């Protein structure tokens, strides 16, 4: 298939990485590098009724589909759009997406088999399917190349496939960031990019130390990262900060054991969210923070991870003061550990700002929202609907 290309960029063979995307002109911070409509997408179930199933617009008064009685749409045009194909393969076709079938372990193969069985169970009477080998490859392609569409607070709105966006290689010091306007992915520069320079996105959460990032990339994307952050490990010391003024510095083995505990409790919490009550989840957070705090500083990323989980539980329980307490501890270390124009930092300022306003702390609330906007102006673009919503919230405080 001959592709039309994307203005200002070019597909090329990246040394040591395979295919990639490079700039053919200069992009400055905040510039839109390119936009890509979703090839296919689905709204997450718990957002139905609040967002249009087609364009993901958040609004009141959506119309329920008269046929399925499940989906909601802005209007008739949005209801019809599900059948239209979008131009999302200008530099990479869906068939070219990597599946890495030869690298899947037994657990991943079993997950694919379960998904295929569920697909047949629920839809075999309505759809014709390709054979299992083709479905296995398709599921593997989506698992490795799919994107989560998130709102301004990084809540999960849906899942989608953006072939052109998937062409970009990974770096732990990315020069672009991907945000979403409805079901369109927008790629914006967060560093100045020169002609012939490769365009790098980040595939993972960049909070964690080098060893954790490398492990996550190997497990999910089947490569070993050799970007400048991973080779220099320049941020690892700050990310793994040990408590100061301990009566005696912890031994290396003690630190290693605590890191192991931290990783285990993070996985335990992830699983526990499916069956434990909010109070029980908060207890896991508090106990783990107490234990890790005997060695780790509050700025340590494992401490921050569990504080973030605790904040989320407090928000769910409507414990606004508790959520604010954790948010205030998180925000400054986040600003240090994450790269510039991080969505994680913006969303934390946004959550804190809204909490402050809800608790009638107007000055602090407006200040936090302004800091969120300073990041979002670059990451989302000044014309994004989320920015208009936040500015409206600020105007209402006058």
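Numbering (full-length UniProt numbering), first residue to last: 1 to 398.
Glycine is no exception: its CB is placed at the ideal position from the N, C-alpha and C atoms.
This structure is a prediction, so every number in the text was calculated from the model and none was measured.
With distances taken Cα to Cα, identify the nearest neighbour of residue 34 among 88, 15, 64, 250.
88
Go ahead and label residue 171 buried or exposed: buried means 16 or more other beta carbons lie within 10 angstroms of its beta carbon, across all protein chains shown.
Under this definition residue 171 is a buried residue.
Pull up the DSSP beta-bridge partners for residue 20, would you.
12
Would you kindly report the start and end of the unbroken alpha helix (DSSP H) that includes residue 231?
It spans 228 to 232 - the alpha helix (DSSP H) in which residue 231 sits, taken as one unbroken run.
Going by DSSP, what residues sit across from residue 158 in a beta bridge?
43, 149
Distance, Cα to Cα, residue 182 vs residue 343?
17 Å
Does DSSP put residue 100 in a helix, a strand or coil?
coil
Which word fits residue 189, buried or exposed, when buried means at least 16 other C-beta atoms lie within 10 angstroms of its C-beta?
buried
Considering just the uninterrupted stretch of the alpha helix (DSSP H) at residue 122, what are its terminal residues?
106 to 123
Once DSSP output is grouped into helix, strand and coil, what is the label at residue 357?
helix
Just to confirm before moving on: does the CB-CB distance between residue 197 and residue 346 stay below 8 Å?
no
Check whether the Cβ of residue 368 sits closer than 7 Å to any heavy atom of the ligand NAP, and report yes or no.
Among the components of this structure there are no ligands whatsoever, and the ligand NAP is therefore not found.
Tell me residue 51's beta-bridge partners as DSSP assigns them.
48, 58
Can the beta-carbon of residue 310 be found less than 8 Å from the beta-carbon of residue 285?
yes
Can you check DSSP and say which residues form a bridge with residue 36?
185
Three-state secondary structure (DSSP) at residue 64?
strand
In chain order, what residues of the same chain lie with their CB nearer than 8 Å to the CB of residue 25, ignoring the 5 residues before and after it?
8, 195
Leaving out five residues before and five after residue 83 in sequence, what residues of the same chain have Cβ atoms less than 6 Å from its Cβ?
Note on residue 83: pLDDT 44, under 50, position unreliable in the model; no value is reported.
Could you check whether the segment 276 to 285 touches the segment 235 to 244, counting it as contact only if at least three pairs of C-beta atoms, one from each stretch, sit closer than 8 Å?
no
Going by the beta-carbon positions, is the gap between residue 104 and residue 145 smaller than 8 Å?
For residue 104 and residue 145, no; Cβs fall outside 8 Å.
Once the 5 residues before and after residue 334 are set aside, which same chain residues still bring their CB inside 8 Å of it?
Hits under 8 Å: 207, 304, 342, 344, 345, 348.
So is residue 321 buried or exposed if we call it buried at 16+ other beta carbons inside 10 Å?
exposed
Output the residue ranges of the alpha helix (DSSP H) runs that lie fully inside the segment 184 to 258 and measure 4 residues or longer, sorted by chain position.
210 to 221, 228 to 232, 236 to 239
Go ahead and label residue 260 buried or exposed: buried means 16 or more other beta carbons lie within 10 angstroms of its beta carbon, across all protein chains shown.
exposed
Does the structure place the segment 72 to 80 close enough to the segment 40 to 56 that three or more beta carbon pairs sit under 8 Å?
The segment 40 to 56 makes contact with the segment 72 to 80; the number of CB pairs closer than 8 Å reaches 3 or more.
DSSP on residue 75, reduced to helix/strand/coil?
coil
Taking the alpha-carbon of residue 202 as reference, which of 213, 226, 174, 210 has the nearest alpha-carbon?
The shortest Cα separation from residue 202 among 213, 226, 174, 210 belongs to 174.
Cβ atoms of residue 55 and residue 78: under 8 Å apart, would you say?
yes
Since I believe residue 163 is in contact with residue 39 (beta carbons under 8 Å), could you give me their beta-carbon distance rounded to a whole number of angstroms?
6 Å
In or out: residue 395 buried (at least 16 other Cβ within 10 Å) or exposed?
The residue is exposed, with fewer than 16 neighbouring Cβ atoms inside 10 Å.
Taking the DSSP output, what are the residues bridged to residue 177?
Residue 177 pairs with 188.
Going by beta-carbon coordinates alone, are residue 148 and residue 159 separated by less than 8 Å?
yes
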